[in-house]
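Participant: Counted from 1, the sequence shown has number 7 at position 8 by numbering that gives the first Met the number 0; the numbering is strictly sequential.
Think of the CB as a built atom: it goes at the ideal place given N, C-alpha and C, for glycine as much as any other residue.
All figures in this text were calculated on a predicted structure; none of them were measured in a lab.
Pasting a structure here, questions to come.
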Amino acid sequence: MRAAFLHGVRDIRVREVADAEPGAGEVLIAVSAVGICGSDLHTYLLGNIGGVRSDEPIVLGHEASGVILALGADAPAHLRVGQRVAIDPAIPCLQCEFCWRGQHHLCLNLKFIGYFPQHGALRERMVHPARAVVPVPDSISDVGAALLEPLGVALHAARLGAVQHGEDVLVIGCGAIGLLCVRLARLAGARRIFAADRHVWRLDMAANFGADYCLNIEQVDLIQEVLRTTNKRGVDVAFEAAWVTETANQCALAARNGGRVIIVGIPAEDSFTLTASVVRRKELTIIYSRRMNHTYEAAIALAERGMVDLDALGKFQMPLTRAAEAFAAAAEYHDGVVRAMVMPQMKG
Ligand SMILES: [Zn+2]
Ligand SMILES: [Zn+2]
């Protein structure tokens with residue numbers, strides 16, 4: 000079978016690799032769809048993520064769906080051959096203190112596919128722990144099933160932000176996660192939702208996802224716009240979903256006294272600056288969001304009922320043989336490429 004390896008900065012190569020057999024507690028999956036995440040792009044563009052560098056070529060991709068081809072011994076009864084599933088990329092140890100606390104995403108021994116040294120889903124078939132695959136209903140497409148993962152990331156951030164009915168919300172960065180944060184704020188009953196980005200097509204998507212004020216940061220001062228519209232008060236909750244160093248501070252500047260800032264993005268330079276006097280005088284709560292924890296059930300419910308349109312995010316699709324083009328398109332912010340999708344079963 001074929002797999003797409005990252006060999007170095009902007010260097011994706013597709014080659015043949017041996018198939019693996021599912022062992023006890025594992026399943027073999029034919030991968031249907033893989034979303035290229037901002038964190039994959041970090042690794043693609045910088046050769047590392049948060050200082051973690053891969054020593055050898057790595058298969059990226061952690062937002063994936065597929066079909067079960069074979070079950071290893073001891074597979075749980077709810078799984079069967081032919082079952083469509085979402086692949087949960089996180090494999091917690093279920094033994095450590097944080098697993099016991101229910102914070103599986105903070106597990107001390109967490110394995111995460113597509114993150115060195117675990118290979119990811121950009122391949123035709125993969126073996127994965129049965130406990131980390133989630134059956135999906137037929138009403139959710141392959142692309143939608145893959146994008147339950149970023150929806151989970153947005154859900155985790157939304158839970159941390161705890162938007163209340165009637166609150167004002169700002170989302171900076173209208174990639175997939177930012178757009179999903181907009182959508183979830185709308186579903187949570189937000190009053191005014193501000194969305195900021197520099198790409199017009201992304202702001203159009205933000206409007207479709209429920210933003211009331213779409214601020215093009217190339218044309219307007221987003222802080223001034225937020226303060227003017229809210230009578231100098233600022234927003235109750237600001238989500239940072241870009242990866243630019245100054246956006247966390249913009250969230251702080253746009254937040255109201257006693258407001259919350261939720262940081263979802265991963266800064267390219269692995270650090271960001273907050274103006275201490277602003278954060279202190281407003282007594283802001285700054286919360287960092289890490290991946291997700293127990294979000295699949297809620298994500299499936301939202302997608303199944305059409306409350307979140309995941310397919311709208313994944314319209315750009317490429318076969319595995321053209322994975323390099325998918326990365327390049329995503330890295331260059333091609334119009335309409337919110338989530339570049341690689342479809343390993345697509346002929347090409
Ligand atoms: Zn991701
Ligand atoms: Zn653990």
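Does the separation of the CB atoms of G151 and A298 fall below 8 Å?
Facilitator: To locate residue 151, count along the sequence shown from 1; it is residue 152. To locate residue 298, count along the sequence shown from 1; it is residue 299. Going by C-beta atoms, G151 is nearer than 8 Å to A298.
Participant: On the DSSP letters alone, give me the boundaries of the alpha helix (DSSP H) that A322 sits inside.
Facilitator: Taking the first residue of the sequence shown as position 1, residue 322 is located at position 323. Per DSSP, A322 belongs to the alpha helix (DSSP H) from A322 to A330.
Participant: For ligand 2, is there a heavy atom less than 7 Å away from the beta-carbon of N108?
Facilitator: Here residue 108 corresponds to residue number 109 of the sequence shown, with the count starting at 1. Under cutoff, so the answer is yes.
Participant: Per DSSP, F284 forms a beta bridge with which residues?
Facilitator: For the purposes of this step, residue 284 is taken as residue 285 along the sequence shown, with counting starting at 1. The sequence shown places Thr at residue 284, not Phe. Partner(s): R259.
Participant: If you measure between the beta carbons of G71 and P21, is that distance less than 8 Å?
Facilitator: Within the sequence shown, numbered from 1, the residue matching residue 71 stands at position 72. Within the sequence shown, numbered from 1, the residue matching residue 21 stands at position 22. Yes, Cβ-Cβ distance for G71 and P21 is below 8 Å.
Participant: Tell me which residue opens and which closes the alpha helix (DSSP H) that S38 is part of.
Facilitator: Sequence index remark: in the sequence shown, residue 38 carries index 39 (1-based). Run containing S38: G37 to L45, per the alpha helix (DSSP H) assignment.
Participant: For the alpha helix (DSSP H) that N248 lies in, which residues bound it at each end?
Facilitator: The residue given as residue 248 occupies position 249 in the sequence shown. Here the alpha helix (DSSP H) through N248 covers T246 to A253.
Participant: Where DSSP assigns a beta bridge to E15, which residues make up the other side?
Facilitator: Taking the sequence shown and counting its residues from 1, one reaches residue 15 at position 16. R1, per the DSSP bridge assignment.
Participant: Within its chain, find whatever has a CB closer than 6 Å to the CB of A19; leave out the 5 residues flanking it on each side and keep chain order.
Facilitator: Position 20 of the sequence shown, counting from 1, holds the residue named residue 19. Correct list, in chain order: V126.
Participant: By a C-beta neighbour count over all protein chains shown, 10 Å radius and 16 as the cutoff for buried, is Q94 buried or exposed?
Facilitator: Against the sequence shown, residue 94 aligns to sequence position 95. By the neighbour-count rule (16 or more Cβ atoms within 10 Å), Q94 is not buried but exposed.
Participant: Given that a residue counts as buried once 16 or more other Cβ atoms are within 10 Å of its Cβ, and exposed if not, what is P353?
Facilitator: Missing from the structure shown is residue 353; the chain here goes from 0 to 347 and no further.
Participant: Say whether the stretch 283 to 302 touches the stretch 257 to 268, bearing in mind that this needs 3 or more beta-carbon pairs closer than 8 Å, one atom from each stretch.
Facilitator: Yes, they touch.
Participant: At a threshold of 7 Å, does S38 count as lining ligand 1 (C-beta to nearest heavy atom)?
Facilitator: Your numbering for residue 38 matches position 39 in the sequence shown. True, at least one ligand heavy atom lies under 7 Å from that Cβ.
Participant: Put A32 into one of helix, strand or coil per three-state DSSP.
Facilitator: Working through the sequence shown from its first residue, we reach residue 32 at position 33. Residue state, collapsed to three classes: strand.
Participant: Using a threshold of 7 Å, is the CB atom of F97 nearer than that to any non-hydrogen atom of ligand 2?
Facilitator: Position 98 of the sequence shown, counted from the start, is the residue given in the question as residue 97. F97: yes, Cβ under 7 Å from ligand 2.
Participant: Tell me the residue span of the beta strand (DSSP E) that contains Y114.
Facilitator: Walking along the sequence shown from the start, residue 114 turns up at place 115. Segment: none, Y114 is in no beta strand (DSSP E) and carries neither H nor E.
Participant: Is the beta carbon of E62 within less than 7 Å of some heavy atom of ligand 1?
Facilitator: Counting from 1 along the sequence shown, the entry for residue 62 is found at position 63. Answer for E62: yes, Cβ within range of ligand 1.
Participant: Mind the definition here: the stretch 108 to 116 touches the stretch 163 to 182 only if three or more C-beta pairs lie below 8 Å; say whether that holds.
Facilitator: No: the two stretches stay apart, fewer than three of their Cβ pairs being nearer than 8 Å.
Participant: Please state if the CB of V234 and the CB of F271 are separated by a distance shorter than 8 Å.
Facilitator: If you number the sequence shown from 1, residue 271 lands on position 272. If you number the sequence shown from 1, residue 234 lands on position 235. Against a cut-off of 8 Å, the Cβ pair of V234 and F271 comes out as no contact.
Participant: Distance check for A69 and N207, CA to CA, integer angstroms please.
Facilitator: Against the sequence shown, residue 207 aligns to sequence position 208. Against the sequence shown, residue 69 aligns to sequence position 70. Computed Cα separation, rounded: 40 Å.
Participant: S31 and V8 - do their beta-carbons sit closer together than 8 Å?
Facilitator: Working through the sequence shown from its first residue, we reach residue 8 at position 9. Working through the sequence shown from its first residue, we reach residue 31 at position 32. No.
Participant: Measuring straight from C-alpha to C-alpha, what distance separates A328 and G335?
Facilitator: As a position in the sequence shown, residue 328 is number 329, starting the count at 1. As a position in the sequence shown, residue 335 is number 336, starting the count at 1. Roughly 10 Å between the two C-alpha positions.
Participant: Specify whether the stretch 138 to 151 and the stretch 207 to 217 touch according to this definition: at least 3 beta carbon pairs, one from each stretch, less than 8 Å apart.
Facilitator: Contact between the stretch 138 to 151 and the stretch 207 to 217 is absent, because fewer than three Cβ pairs lie under 8 Å.
Participant: Just reading off the beta strand (DSSP E) that P134 is part of, what are its end residues?
Facilitator: Here residue 134 is taken as the residue at index 135 of the sequence shown, counted from 1. Its beta strand (DSSP E) spans residues V132 to P134.
Participant: Starting from N207, trace the alpha helix (DSSP H) both ways and give me its first and last residue.
Facilitator: In the sequence shown, the residue the question calls residue 207 occupies position 208. Run containing N207: V199 to F208, per the alpha helix (DSSP H) assignment.
Participant: When DSSP builds the beta bridges, which residues end up paired with V341?
Facilitator: Sequence index remark: in the sequence shown, residue 341 carries index 342 (1-based). Partner(s): V33 and M317.
Participant: Please find out if some non-hydrogen atom of ligand 1 comes closer than 7 Å to the beta-carbon of E364.
Facilitator: Residue numbering for the chain in the displayed model covers 0 to 347; residue 364 lies beyond these limits and cannot be assessed.
Participant: Within 7 Å: the Cβ of P128 and any heavy atom of ligand 2?
Facilitator: The residue given as residue 128 occupies position 129 in the sequence shown. No, the beta carbon of P128 sits no closer than 7 Å to any heavy atom of ligand 2.
Participant: For C36, which residues of its own chain have a beta-carbon under 6 Å away from its beta-carbon, when the five flanking residues on both sides are left out?
Facilitator: Counting from one through the sequence shown, the residue named residue 36 turns up at place 37. Within the same chain, C36 has close Cβ partners E62.
Participant: Check whether the Cβ of V152 sits closer than 7 Å to any heavy atom of ligand 1, and report yes or no.
Facilitator: Here residue 152 refers to the residue found at position 153 when the sequence shown is read from its first residue. At least one heavy atom of ligand 1 is nearer than 7 Å to the Cβ of V152, so yes.
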